[in-house]
């Protein structure tokens with residue numbers, strides 16, 4: 002390993018191609034980083050002192066001949082190198098109009114060598130980067146395109162103010178400096194990458210895992226595994242990829258903290274051989290298809306399964322311990338035919354009931370994944386695992402509230418203050434859907450609001466017949482919610498709200514029919530309606546078998 006200070010110009014000069022390896026992340030710099038770099042360059046231009054500006058280190062893996070080019074792996078520093086190339090491409094493309102010889106010089110010295118781009122990005126970025134660098138055109142929407150567009154717009158503005166593009170290019174090539182750390186052939190680039198953190202862009206668990214898997218495979222196989230398995234899997238799951246890599250582990254009941262996913266994977270794969278690594282990658286690709294179905298429940302053909310799966314997926318986003326691992330197990334067995342559609346619906350109803358009943362009774366927080374996956378593991382050999390699961394969850398020591406407990410607690414439970422807004426919406430949508438309707442309810446045109454204002458007002462204190470001290474204990478209850486057209490003001494006076502409620506009774510919504518005959522919205526009416534809704538909830542979410 003050796004370290005040398007280098008300027009950008011000499012670094013890019015000559016027949017060399019910088020190759021970003023498969024384990025690197027895609028281009029991830031955004032406007033904040035682009036603006037910082039641009040400000041640094043413009044400051045050098047304004048100061049005109051000739052002093053260098055240090056941009057950090059780059060870690061490179063020696064030179065190896067490749068069809069006449071020296072091929073250099075970029076282990077760290079690709080974000081800066083790609084961004085500077087996009088900046089120079091923007092200068093070149095403006096110079097084609099104002100200074101063609103400068104444009105040719107930038108293209109041949111900094112961007113392209115013998116018909117090859119000087120920076121070969123990761124597979125996902127290559128096409129976009131090549132479109133900019135080789136063709137001088139904007140590619141399809143991507144961070145690469147956005148960076149190029151941002152630099153070009155800024156340079157056009159500065160050109161109007163008289164900036165000298167030739168001097169600007171000279172500054173970029175001669176005053177931007179790096180410490181280039183060059184590794185020799187005995188250094189493991191994957192282990193080096195693992196120990197580094199990109200400047201301003203911390204490595205994610207997914208970045209580290211991608212590096213680890215490729216570190217464990219022969220280099221000759223990297224392109225095949227990346228293009229056929231890893232890249233499609235990452236594109237399929239998008240920003241949920243890191244969650245998936247954790248949920249894959251948790252689906253069997255393993256407890257894994259979000260910031261310990263990488264360590265858990267290393268512990269699991271450390272002792273195994275290359276063939277086991279390949280088998281794990283194939284299994285990850287297989288399970289990712291099921292995970293994608295959970296993320297997009299609207300694709301499920303069975304209406305009952307689709308509706309319940311959509312509600313549970315949405316509910317999972319509101320809790321401390323998301324339960325996609327449990328849904329992943331259930332959906333996989335459903336896809337494999339181990340569960341019929343009826344059994345899948347029964348399981349999803351049971352799981353949804355478990356969560357809703359615990360919320361309405363203010364049950365203490367637990368790790369539901371551990372509990373529910375553990376129970377499911379005990380019933381997978383049952384002839385009817387759905388019925389066996391319900392029976393096991395109904396056991397007295399499991400905290401699944403029965404009807405009596407729900408009625409006792411839900412009537413007075415301050416739902417507004419003790420739940421996530423999405424949880425309340427899901428509960429009231431399910432209650433509304435439990436009634437027959439002439440046509441599907443357009444919930445996207447409605448929102449759930451408290452009937453009374455959140456803060457006490459004199460007209461509402463008189464209407465409810467409570468003191469200001471007791472107001473808070475009443476207004477957050479189940480019976481004080483209503484549907485209103487989306488975007489309506491929430492804090493209406495008594496008269497305006499009563500008119501609104503009567504208008505809503507014409508919408509065909511069952512949960513607002515209560516308001517057709519009510520003359521005065523007293524605290525007792527809220528309690529009575531809370532009880533009616535709680536009783537309805539017992540049918541929507543059946544309880545344990547005891």
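Numbering (the numbering used here), first residue to last: 2 to 547. Backbone N, C-alpha and C define an ideal beta-carbon position, used for all residues, glycine too.
For a quick check, are the C-beta atoms of residue i and residue j less than 9 Å apart?
i	j	result
residue 59	residue 12	yes
residue 253	residue 374	yes
residue 247	residue 262	yes
residue 447	residue 417	no
residue 76	residue 156	no
residue 20	residue 126	no
residue 86	residue 103	no
residue 120	residue 4	no
residue 177	residue 43	no
residue 123	residue 23	yes
residue 8	residue 151	no
residue 170	residue 114	no
residue 310	residue 355	no
residue 81	residue 38	yes
residue 429	residue 482	yes
Would you mind sorting residue i into buried or exposed? The rule is 16 or more other CB atoms within 10 Å of its CB.
i	result
residue 333	buried
residue 256	exposed
residue 469	exposed
residue 347	buried
residue 52	exposed
residue 521	exposed
residue 199	Below a pLDDT of 50, predicted positions are generally treated as unreliable, and residue 199, at 45, falls in that range; the measurement from the model is reported next regardless. Counting Cβ neighbours within 10 Å, residue 199 comes out buried, since at least 16 surround it.
residue 209	buried
residue 244	buried
residue 370	buried
residue 18	buried
residue 382	exposed
residue 287	exposed
residue 325	buried
residue 108	buried
residue 233	exposed
residue 134	buried
residue 73	buried
residue 48	exposed
residue 1	Within the shown structure, residues of the chain are numbered from 2 to 547, placing residue 1 beyond reach of any answer.
If you draw a straight line from the alpha carbon of residue i to that of residue j, how long is it in whole angstroms?
i	j	result
residue 496	residue 357	34 Å
residue 518	residue 444	24 Å
residue 54	residue 213	34 Å
residue 386	residue 376	11 Å
residue 201	residue 361	Interpretation of residue 201 is limited by its pLDDT of 46, a score under 50 that renders its predicted location unreliable; no figure is taken from the coordinates.
residue 30	residue 84	8 Å
residue 79	residue 238	24 Å
residue 300	residue 351	22 Å
residue 100	residue 165	10 Å
residue 545	residue 420	23 Å
residue 67	residue 306	Bear in mind that a pLDDT of 45 at residue 67, under 50, signals an unreliable position, so the model cannot answer this.
residue 163	residue 97	16 Å
residue 541	residue 142	45 Å
residue 34	residue 525	58 Å
residue 295	residue 312	11 Å
residue 26	residue 285	19 Å
residue 226	residue 282	8 Å
residue 139	residue 278	39 Å
residue 308	residue 343	13 Å
residue 130	residue 211	22 Å
Need the endpoints of the alpha helix (DSSP H) that residue i sits in, please.
i	result
residue 33	32 to 48
residue 308	304 to 317
residue 398	Premise fails: residue 398 is in no alpha helix (DSSP H) and is neither H nor E.
residue 427	422 to 434
residue 206	206 to 216
residue 17	Run containing residue 17: none in the alpha helix (DSSP H); it sits in the beta strand (DSSP E), 17 to 20.
residue 355	342 to 361
Check for me: the beta strand (DSSP E) holding residue i runs from which residue to which?
i	result
residue 5	3 to 8
residue 402	That residue, residue 402, is in no beta strand (DSSP E); it is neither H nor E in DSSP.
residue 519	Element bounds for residue 519: n/a, residue is neither H nor E.
residue 484	482 to 486
residue 265	Note, residue 265: premise wrong, no beta strand (DSSP E); alpha helix (DSSP H) at 262 to 270.
residue 162	Counting along the chain, residue 162 falls outside any beta strand (DSSP E), and DSSP gives it neither H nor E.
residue 178	177 to 184
Inter-stretch contact (C-beta, 8 Å, three-pair minimum) for the region 464 to 480 and the region 530 to 538: yes
So, does the region 459 to 473 touch the region 390 to 409, judging by three or more C-beta pairs under 8 Å? no
The region 427 to 446 contacting the region 508 to 517, beta-carbon criterion three pairs below 8 Å: yes
Count the C-beta pairs between the region 216 to 224 and the region 328 to 344 that are closer than 8 Å, then say yes if the count reaches three, no if not. no
Are the region 314 to 323 and the region 424 to 432 touching by the rule of at least three beta carbon pairs closer than 8 Å? yes
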